[in-house]
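Numbered by UniProt numbering, the letters in the sequence shown go through residues 1 to 589 in order.
Here the structure comes first, spelled out in structure tokens, and everything after it is commentary.
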Amino acid sequence: MNFFNFLSLAGGLAMFLYGMNIMGSGLEKLAGSKLEIILTKMTSNIFKSVLLGALITAVIQSSSATTVIVVGLVNSGILKLDRAIGIIMGANIGTTITAQILALGDISSSNFFLQLVKPTALAPLMAAIGIILFMFLQGNKQKNLGQILMGFGILFIGMQSMESSMAPLRDLPQFADILTALSNPILGVLAGTILTAVIQSSSASVGILQAVSSTGQLRYSTAIPIIMGQNIGTCITAILASIGANKNAKRAAAVHLYFNVIGTAVFLTAIYAVQHLVGFAFWNEAITRADIANFHTIFNICTTVLLVPFYKGLGKLAEMSIRSKKGEEDLTPEVPLLDERLLASPGLAIEQARSVVLKMGEYGQKNCSKMVSQLFSYDQKTADSIAEYEAAIDKMEVTLSRYLLKLTNQPLSDQESRQVSEMFWLVTEFERIGDYAINVLERGGEIADKKVVLSDMAKRELIILDKAIGEILGKAVAAFRDRDVEVAREIEPLEETIDQIKDELKAQHIERLKQGTCSIDAGVIFLEILTNLERIADHCSNIAAYVVGYEGEQKGDFDAHQYRQTLHDGREEEYNRLYQEYSEKYSVH
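Pasting the structure below:
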């Protein structure tokens with residue numbers, strides 16, 4: 001085997017990887033935002049998750065890509081770890097489709113139609129059709145389909161180049177000696193693991209093994225442990241993707257590794273035990289491309305069937321390996337990371353960003369639930385906790401704004417553009433809610449430092465207003481989280497009620513100042529608190545308007561101010577009913 005043969009092998013591998021990459025990318029674009037919906041909504045049980053993982057991986061032609069997406073979704077909180085495990089298991093099955101496609105090269109028949117599906121005929125045909133669709137048609141769907149067909153053709157051409165470069169190895173004694181050494185199961189597994197870890201694609205490494213089989217020198221006894229090792233090597237991609245991610249994302253990558261290592265150990269032990277006790281007639285025979293593809297498929301299906309009943313145990317093992325310190329989550333708020341690799345899949349990137357916007361809302365809600373109690377009994381530990389959560393909200397605002405800006409540079413559908421626009425606005429709304437909670441906290445510190453005394457009546461009034469703020473903020477977060485337009489419509493009457501409460505409390509407080517039952521210092525602080533609480537309600541009203549506008553039936557540009565004005569002017573029966581109900585519930589008389 002000379003230099004030019006090595007050059008041909010390297011070029012063939014490059015074309016194989018490139019073809020697989022653009023084919024998967026085209027399929028992913030064709031799926032669009034449906035991929036996100038499927039991944040996040042159709043994992044209600046382990047069997048659905050496994051099937052989903054297999055189907056998605058078969059579509060995008062890469063278990064590494066599937067597991068990287070899963071790690072990203074777990075990291076952002078979109079996908080729970082227990083649901084991710086099934087997808088990871090299914091990905092191992094789905095990735096075998098590439099080897100099965102490559103096995104079409106073993107078809108031997110004079111039938112015209114069977115000859116047509118052989119790679120030698122199908123590859124140039126697919127590439128030609130693909131380039132026509134990609135270059136001469138305007139629609140995105142046609143271009144994506146063209147990209148898929150081009151990738152399909154390039155993949156097969158790369159495979160043929162690898163096979164032709166290995167032809168001289170047939171008569172090379174040293175090559176036969178290497179393959180004989182690799183029939184040692186430990187060496188075979190290590191070789192498969194290292195090869196796949198280096199090129200970061202089990203489909204490509206299995207493709208290389210299929211190319212080697214064209215020499216006629218590769219035996220079952222050598223190929224079987226290598227194939228098992230290739231399943232372990234593919235875990236490196238998910239492990240690299242989890243670097244810098246949160247603990248659950250690291251656990252998802254660990255589950256992928258444990259699943260493949262345990263599956264390989266069990267299957268390897270079983271096969272060699274049977275070979276030792278009974279013996280396989282085919283053990284020392286040459287293996288073909290189709291045989292490699294079939295064993296790869298059988299191995300992955302069997303290991304999945306074997307370990308599916310123990311998926312919770314795999315999760316526990318990952319949690320034991322990657323532990324959280326006791327109470328760690330309560331000490332400092334978590335700032336979720338935004339995985340920029342998901343930008344290439346806008347549907348997934350948008351859902352990831354939504355989860356971080358929701359986290360901002362939840363942190364703001366947590367702070368608002370503690371702020372008023374600080375006015376009556378200031379606690380430094382609680383104050384520090386509120387400050388830490390506010391710092392986390394500010395960090396998320398910065399990272400989200402940058403991420404959403406990058407997302408606008410991706411090809412987005414009209415619906416995706418609307419969702420990104422909504423999040424730009426909502427990031428600001430939730431961040432401002434956090435700021436007002438801090439303002440109220442600071443008034444609590446001022447009361448403690450100056451030893452200001454609030455009257456019992458003032459305390460009672462603030463408690464009533466605080467409960468109304470808690471309800472409106474809870475509704476705002478829930479409306480955004482659940483995309484619930486009906487809950488969003490309940491917010492404006494409550495916001496109007498809070499405005500009315502604020503005006504009444506202000507009037508009553510001014511009366512107390514006139515009567516001398518309240519100090520000037522307490523009066524100024526009390527009015528500042530009212531203003532901050534009322535502004536929190538205003539931002540909740542904005543959030544509700546955006547949810548109605550972007551999740552409802554509105555078309556084109558949505559004017560939140562006009563929406564609220566219409567509600568107040570129209571005063572429909574339901575609006576009046578809710579306003580009356582809230583007014584009675586939060587009466588300050």
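Just so you know, even glycine gets a beta-carbon here, dropped at the ideal spot from N, CA and C.
With 16 other CB atoms within 10 Å as the buried threshold, where does residue i fall?
i, result
"R483", "exposed"
"N140", "exposed"
"L7", "exposed"
"Q515", "exposed"
"L277", "exposed"
"T517", "exposed"
"I520", "exposed"
"I186", "exposed"
"K250", "buried"
"N144", "buried"
"M320", "exposed"
"E135", "Checking the sequence, you will find Met at residue 135 rather than Glu. By the neighbour-count rule (16 or more Cβ atoms within 10 Å), M135 is not buried but exposed."
"G279", "exposed"
"E328", "Confidence is the limiting factor: at E328 the pLDDT is only 48, short of 50, which leaves the residue's position unreliable and the question unanswerable from this model."
"I292", "buried"
"G19", "buried"
Who are the near neighbours of residue i in its chain, counting only those whose CB is closer than 7 Å to its CB and skipping five residues on each side?
i, result
"T67", "I88, A91, T237, A238 and H256"
"A349", "L342, L343 and L407"
"A191", "L182, I226 and G229"
"L441", "M371, Q374, A383 and I386"
"G53", "T66, G86, I87, I88, M89, G90, A91 and G94"
"F267", "M228, F299, C302 and T303"
Using only alpha-carbon positions, find the residue among the options that is nearest to residue i.
i, options, result
"R489", "Q374, C540 and I132", "C540"
"E285", "S213, S164 and V420", "S213"
"A197", "G361, R535, G229 and D466", "G229"
"H232", "I271, S183 and H296", "In the sequence as displayed, the identity of residue 232 is Ile instead of His. When each option's Cα is compared against that of I232, the closest is H296."
"V308", "K514, V70 and R83", "R83"
"M457", "R512, L13 and Y436", "R512"
"N75", "I287, N248, M320 and L578", "N248"
"N21", "E422, G94, A65 and G12", "A65"
"A252", "I322, F310, N367 and G263", "I322"
"K80", "E461, N45, I97 and L125", "N45"
"A222", "W283, A293 and E581", "The sequence shown places Thr at residue 222, not Ala. Of the listed residues, the one whose Cα sits closest to T222 is W283."
"I491", "S201, Y582 and I56", "Y582"
"S385", "Y363, L73 and Y311", "Y363"
"E351", "Q415, V206, E528 and E496", "Q415"
"M574", "V487, E528 and I298", "As written in the sequence, residue 574 is Glu, which differs from the Met given in the question. Ranking the options by Cα distance to E574, first place goes to V487."
"H589", "E504, G19 and P411", "E504"
"E496", "D538, G474 and A507", "D538"
"I148", "G434, R481 and L133", "L133"
"Y311", "G188, N367, Q365 and F259", "F259"
For residue i and residue j, what's the separation of their Cα atoms in angstroms?
i, j, result
"S587", "V372", "18 Å"
"A353", "A391", "18 Å"
"L400", "V427", "8 Å"
"V59", "N542", "41 Å"
"I154", "I208", "15 Å"
"I501", "R443", "20 Å"
"N576", "V357", "31 Å"
"G216", "Q210", "10 Å"
"Q419", "I129", "35 Å"
"G315", "I287", "36 Å"
"Y235", "S203", "In the sequence on display, residue 235 carries Cys and not Tyr. Near 13 Å, if we compare the C-alpha coordinates of S203 and C235."
"Y436", "G361", "13 Å"
"S63", "E446", "57 Å"
"Y389", "N246", "17 Å"
"R432", "V452", "27 Å"
"G11", "I199", "14 Å"
"M23", "S345", "14 Å"
"R535", "Y579", "19 Å"
"Q410", "Y403", "11 Å"
"A290", "N184", "23 Å"
Identify, in the order they occur along the chain, each residue of the same chain with its Cβ nearer than 6 Å to the Cβ of residue i, setting aside the five sequence neighbours on each side.
i, result
"H509", "F526"
"A127", "M150 and G153"
"I438", "E390"
"A387", "none"
"L465", "I501 and L533"
"E397", "V427 and E431"
"S242", "V71, A249, K250 and A253"
Apart from the five residues just before and just after residue i, which ones in its own chain have a Cβ nearer than 8 Å to its Cβ?
i, result
"M15", "I154, L155, I157, G158 and S161"
>> Report the start-end ranges of each alpha helix (DSSP H) in the segment 471-524 that is 4 residues or longer and not cut off at the edges.
In response: 485-489 and 491-515
> Can you list the alpha helix (DSSP H) stretches of 4 or more residues lying completely in the segment 288-372, in chain order?
Replying inline: 289-307, 311-321, 328-331 and 346-371
> Which whole runs of the alpha helix (DSSP H) in the segment 226-256 are 4 residues long or more, in chain order?
Replying inline: 235-241
>> At 4 residues or longer, what runs of the alpha helix (DSSP H) sit wholly inside the UniProt domain "PhoU" (358-443)?
In response: 373-376 and 380-407
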